[in-house]
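For the sequence shown, numbering that gives the first Met the number 0 begins at 0 and goes up steadily by one. For every residue, glycine included, the Cβ atom is placed at its ideal position computed from N, Cα and C.
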Amino acid sequence: MNKRYLAFAGNPNSGKTTLFNTITGSHQHVGNYPGITVDRKEGSTILDNNKIDIVDLPGCYSLTAYTQEELVSRQVLVEERPDLVVNVVDATKLERHLYLTIQFLELGVPVMLALNMMDDVRSKGIQINIEQLQQDLGCPAVGTVARTGAGKEELLRTAVDFAAKRNGVWQPLTISYGPDVDPVLECLSGMLEEAQLLQEKYPPRWVALKYIEGDDSIIEQGRTLAPELSRQMEARIQTLREHCLKTLNTFPEALIADYRYGFITALLKKSVVVTQPQSARLDLTDNIDSVLTHRVAGPALMLALLYTMFHVTFTLGEYPMELTHRFFALLADGVTAILPDGMLQSLIVSGVIDGVGGVLGFVPLIMIMFIIIAFLEDSGYMARMAYMLDKIFRSFGLHGSSVMPFIISGGIAGGCAVPGVMAARTLRSPKEKLATILTAPFMPCGAKIPVFLLLIGAFFTEHRAAMMFSITLGAWVMALLVARILRSTIIRGESTPFVMELPPYRLPTLQGVLIHMWERTWEYIKKAGTVVLAISVLIWAGMTFPGLDAEQEEQFVAARFQLEQSLNSTTTPAQQEQILAALKELEHSHSLATLKHSAAGRLGQMLEPLTSLAGFNWRTNIALIGGVAAKEVIVSTLGTAYSLGETDVDDSSSLMTRIQKDPDWNRATAISAIIFVLLYAPCFVTIVVMARESSWGWAMFALVFNTTLAFILACAAYQGALLVL
Ligand code: GDP
Ligand code: MG
Numbered sequence: 000m001n002k003r004y005l006a007f008a009g010n011p012n013s014g015k016t017t018l019f020n021t022i023t024g025s026h027q028h029v030g031n032y033p034g035i036t037v038d039r040k041e042g043s044t045i046l047d048n049n050k051i052d053i054v055d056l057p058g059c060y061s062l063t064a065y066t067q068e069e070l071v072s073r074q075v076l077v078e079e080r081p082d083l084v085v086n087v088v089d090a091t092k093l094e095r096h097l098y099l100t101i102q103f104l105e106l107g108v109p110v111m112l113a114l115n116m117m118d119d120v121r122s123k124g125i126q127i128n129i130e131q132l133q134q135d136l137g138c139p140a141v142g143t144v145a146r147t148g149a150g151k152e153e154l155l156r157t158a159v160d161f162a163a164k165r166n167g168v169w170q171p172l173t174i175s176y177g178p179d180v181d182p183v184l185e186c187l188s189g190m191l192e193e194a195q196l197l198q199e200k201y202p203p204r205w206v207a208l209k210y211i212e213g214d215d216s217i218i219e220q221g222r223t224l225a226p227e228l229s230r231q232m233e234a235r236i237q238t239l240r241e242h243c244l245k246t247l248n249t250f251p252e253a254l255i256a257d258y259r260y261g262f263i264t265a266l267l268k269k270s271v272v273v274t275q276p277q278s279a280r281l282d283l284t285d286n287i288d289s290v291l292t293h294r295v296a297g298p299a300l301m302l303a304l305l306y307t308m309f310h311v312t313f314t315l316g317e318y319p320m321e322l323t324h325r326f327f328a329l330l331a332d333g334v335t336a337i338l339p340d341g342m343l344q345s346l347i348v349s350g351v352i353d354g355v356g357g358v359l360g361f362v363p364l365i366m367i368m369f370i371i372i373a374f375l376e377d378s379g380y381m382a383r384m385a386y387m388l389d390k391i392f393r394s395f396g397l398h399g400s401s402v403m404p405f406i407i408s409g410g411i412a413g414g415c416a417v418p419g420v421m422a423a424r425t426l427r428s429p430k431e432k433l434a435t436i437l438t439a440p441f442m443p444c445g446a447k448i449p450v451f452l453l454l455i456g457a458f459f460t461e462h463r464a465a466m467m468f469s470i471t472l473g474a475w476v477m478a479l480l481v482a483r484i485l486r487s488t489i490i491r492g493e494s495t496p497f498v499m500e501l502p503p504y505r506l507p508t509l510q511g512v513l514i515h516m517w518e519r520t521w522e523y524i525k526k527a528g529t530v531v532l533a534i535s536v537l538i539w540a541g542m543t544f545p546g547l548d549a550e551q552e553e554q555f556v557a558a559r560f561q562l563e564q565s566l567n568s569t570t571t572p573a574q575q576e577q578i579l580a581a582l583k584e585l586e587h588s589h590s591l592a593t594l595k596h597s598a599a600g601r602l603g604q605m606l607e608p609l610t611s612l613a614g615f616n617w618r619t620n621i622a623l624i625g626g627v628a629a630k631e632v633i634v635s636t637l638g639t640a641y642s643l644g645e646t647d648v649d650d651s652s653s654l655m656t657r658i659q660k661d662p663d664w665n666r667a668t669a670i671s672a673i674i675f676v677l678l679y680a681p682c683f684v685t686i687v688v689m690a691r692e693s694s695w696g697w698a699m700f701a702l703v704f705n706t707t708l709a710f711i712l713a714c715a716a717y718q719g720a721l722l723v724l
């Protein structure tokens, strides 16, 4: 005979004891849990060839050790490891009772649902799509009426089958807790895993959650077993606490509860229909959601919002951006005046100021965009966007959980593919995860944005918001199409169910929005001052060395000497002016020749025959190659390239103007460059992270595949645009 050990658990008054009694009949005894006077009821029954032992756990609302009942329930689960938890819920109050269910799922213990009080469900006119609920929760559910014993056979049979199927294996569910809590959870889980703290009993993310929720029992154990680690974790959580208070005016544990309820809200939206509304009063969130996530109005509003966001960004950003550009131009002039001509001046003016300055010049626009994004995120609307996109994603072979990685990667503008690719960890199915990792880098991340802003500003001044909007939509369409192709060829496989957390709406605080905006902006500035600066200097060197060989250099020196001689011997102002102009022209051809002769210049020219198909000249080629290191480098390299071999002889104008004046650049080139930059190889750091999250093979695949795809589309767009424009 097989032995199975089940634990009945649930909120008080869910009918747990009634169910336990009808199942175990007279085979039960009552004792106390060791140490405390909470009833421990045990019983048993026989089904076919199975002896089923059952323990009736004390009623509890959560698995955080806030009360003795909760502590005891948890201890039974981790110490005695029952084969299965039968979670008894009052099916007329699912939105409250599923809160505990979520926590069993997060802990990972095998669990199934007894949807009790089905008689009340029917009489109240509630319809529960049990099939859908099982699918979304990933566990079986059986309807019961404990008072009459209806459904108890089916319950036991399902329990025995599922216990056999899971065979005691724990599979924790990962829920997202939003952009503030998730990274901390990730970080703490990593620390716990590395230190092997409490690992034999609990999943690392779960322990991290309990630490954040302030679970005394877990923290106590952590402090005893690993005092130093525990101290570090508590410090990290303290920072998170202060951050949440400052930005969202709430505690992390409240946020966590919000997201759990958000998960339940979304779950019930799909599987429960209330035909006779129980109360006429819907809460505020439901009211707002009935408009914002409406089948038709929802997506339309979403698109309108996106467009408005870009429009506002450009309108408000115009003046401050003008100012920063002027500031860097003045700075360059100042340095040119102070430092003597030569290598150092060239390094600082062309390499650093025109390079990094070009990237920093976009800070005002980026700040405005980030304010809007912070508002969307803090208000809870961002989660709704993901919710609405779920269906579309599914039909392209992705998963609802792929939406967040896309958004984090810059799907609404201004993200980064590095955390985006890492966010794909929440996907359980390896195939959907891989498809997400491979397509998330197509999003318009914060580093590609300045390239777009530059080109749109130079060539599409009239339609800036519309262009940004089209680029964003284009990125999504391409990502989805590529995902579809990958999922029906090299990574074919089933799609898995999904529930997106829908936390309640809250009015963001000004301070909160500003802090979130500043965190992102500071990341951008920091990167410009470190990585981009370093790469800019390297690329400047590549564009400066090797200098012209002695013979060519001498020719320039001789030519200059001759001009200076004749300048001294002429007297008429008109002639003098002519010679001065010739001198400048000479300087210009000198620096242009040096640039063309440099290592980078030669590489750029070598590729020109191929890249001219897409309209890219050798300067653009250098910038695009540099962009693989970090996408911001595209702007900084163009800045340096146009600064070193100045095409316009006498000016210190902005890169935007320089590009506008270059005959090699026009609208067709701009479109082609935008498409190429949007889609080509992920930057270096992203490639490394992709390799870590999947494999080097797939990372290299992305490098080659994306670049090829980007180039083909850029060529097509360029040739097409030449015909039309
Ligand atoms: P526990 O706190 O979870 O152990 O819940 P109990 O078993 O004590 O039940 C709480 C109340 O719900 C009792 O009054 C039961 O009679 C009632 N109850 C239990 N199951 C059902 C059911 O399926 N339908 C209805 N209508 N009432 C039930
Ligand atoms: Mg009871």
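The ligand GDP heavy atom lying under 7 Å from the CB of residue i
i, result
"Lys-15", "yes"
"Met-232", "no"
"Arg-95", "no"
"Val-75", "no"
"Asn-12", "yes"
"Asn-86", "no"
"Val-144", "yes"
"Gly-734", "Since the first and last residues shown for the chain are 0 and 724, residue 734 lies out of range."
"Asn-115", "yes"
"Gly-213", "no"
"Gly-24", "no"
"Asp-38", "no"
"Leu-282", "The residue asked about is misnamed: residue 282 is Asp in this sequence, not Leu. No, Cβ of Asp-282 sits at least 7 Å from all heavy atoms of the ligand GDP."
"Gly-58", "yes"
"Asp-47", "no"
"Asp-119", "yes"
Residue span of the beta strand (DSSP E) that contains residue i, given as start and end
i, result
"Tyr-4", "1-8"
"Leu-501", "Unbroken run through Leu-501: none, as it is neither H nor E."
"Gly-30", "27-31"
"Gly-142", "140-142"
"Ile-125", "125-127"
"Val-85", "83-89"
"Leu-114", "110-115"
Whole-Å CB distance - residue i paired with residue j, under 8 Å assumed
i, j, result
"Leu-712", "Ile-674", "5 Å"
"Thr-495", "Arg-427", "6 Å"
"Leu-184", "Arg-204", "6 Å"
"Gly-603", "Ile-578", "With a Cβ gap of about 33 Å, Gly-603 and Ile-578 do not count as contacting."
"Ala-207", "Ser-188", "5 Å"
"Gly-413", "Phe-369", "6 Å"
"Ala-265", "Glu-500", "6 Å"
"Val-512", "Phe-374", "5 Å"
"Val-84", "Ala-113", "Contact doesn't hold; Cβ gap of about 10 Å is too wide."
"Ser-588", "Phe-544", "At roughly 19 Å, the Cβ-Cβ gap does not stay under 8 Å, so Ser-588 and Phe-544 are not in contact."
"Ala-640", "Arg-618", "4 Å"
Neighbour flag for residue i against chain D, beta carbons, 8 Å
i, result
"Leu-112", "No chain D is part of this structure, which consists of one protein chain only."
Range of the contiguous alpha helix (DSSP H) that encloses residue i
i, result
"His-96", "93-106"
"Met-384", "380-394"
"Gln-551", "549-568"
"Gly-360", "Premise fails: Gly-360 is in no alpha helix (DSSP H) and is neither H nor E."
"Asn-705", "695-723"
"Ala-622", "617-626"
"Leu-184", "177-194"
"Arg-491", "No alpha helix (DSSP H) holds Arg-491; DSSP gives it neither H nor E."
"Glu-607", "598-610"
"Asn-20", "15-23"
"His-752", "This structure gives no information on residue 752, because the portion of the chain shown stretches from 0 to 724."
heavy atom of the ligand NAP below 7 Å from residue i C-beta
i, result
"Gly-9", "Looking for the ligand NAP in the displayed structure turns up nothing; the ligands present are the ligand GDP and the ligand MG."
Report task. Taking only runs that begin and end inside the stretch 34-66, name each unbroken beta strand (DSSP E) of 3 or more residues, in chain order. Result -> Runs found: 38-46, 49-55.
**Report entry** Uninterrupted beta strand (DSSP E) stretches inside the stretch 395-460 (no shorter than 3 residues)
**Finding:** As far as the stretch 395-460 is concerned, it has no whole beta strand (DSSP E) run of at least 3 residues.
Report task. Would you list, in sequence order, the uninterrupted beta strand (DSSP E) runs of no fewer than 3 residues that lie entirely inside the stretch 256-327? Result -> Segments of the beta strand (DSSP E) lying fully in the stretch 256-327: 271-273.
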